[in-house]
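In my numbering, the protein residues as written are 229 to 379.
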């Protein structure tokens, strides 16, 4: 994947090198990758969510671009509104939900990038949550049980 050096502008509306990841029905499009930060554009279909999980290596941030997202951080529920920034600290369980009734786009970033890029590469087009959850710990992401009533 090509590396962007600062200052620079990514002129493509698509992901770096045309990459688009399908992570259990959500679309993640990488926009910037460096050791310090990984930034991606996400599309969350209505009524989708990321179950409770903890990052061992990075802080995660999200900014909804066209709707509101529910988040739960360490058991406390909150709402991140369009244009606001949610901080999901490393080492603290968090999850987020699109309960808006419509698709939502959001900008996400993680500091430092850690192994999150590698995780999304592995999760691309994985068909079920059980397999995805099993892959995550090797990249520093631990999902809390239960991750799905279907498991």
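Positions of the beta carbon are idealized from the N, C-alpha and C atoms, including for glycine.
Span separating the alpha-carbon of residue i from that of residue j
{"i": "residue 262", "j": "residue 338", "result": "10 Å"}
{"i": "residue 281", "j": "residue 244", "result": "26 Å"}
{"i": "residue 364", "j": "residue 276", "result": "19 Å"}
{"i": "residue 264", "j": "residue 318", "result": "15 Å"}
{"i": "residue 259", "j": "residue 320", "result": "25 Å"}
{"i": "residue 249", "j": "residue 347", "result": "11 Å"}
{"i": "residue 273", "j": "residue 301", "result": "21 Å"}
{"i": "residue 251", "j": "residue 303", "result": "24 Å"}
{"i": "residue 355", "j": "residue 330", "result": "23 Å"}
CB contact flag (residue i, residue j, <7 Å)
{"i": "residue 298", "j": "residue 290", "result": "no"}
{"i": "residue 316", "j": "residue 269", "result": "no"}
{"i": "residue 323", "j": "residue 279", "result": "yes"}
{"i": "residue 292", "j": "residue 257", "result": "no"}
{"i": "residue 345", "j": "residue 266", "result": "yes"}
{"i": "residue 271", "j": "residue 255", "result": "yes"}
Per-residue DSSP class, three states only, for residue i
{"i": "residue 344", "result": "helix"}
{"i": "residue 246", "result": "helix"}
{"i": "residue 279", "result": "strand"}
{"i": "residue 350", "result": "helix"}
{"i": "residue 292", "result": "strand"}
{"i": "residue 262", "result": "coil"}
Buried versus exposed, by CB contacts within 10 Å (16 or more), residue i
{"i": "residue 369", "result": "buried"}
{"i": "residue 352", "result": "exposed"}
{"i": "residue 286", "result": "buried"}
{"i": "residue 379", "result": "Unreliable placement is indicated for residue 379, whose pLDDT of 41 sits below 50; no coordinate value is reported for it."}
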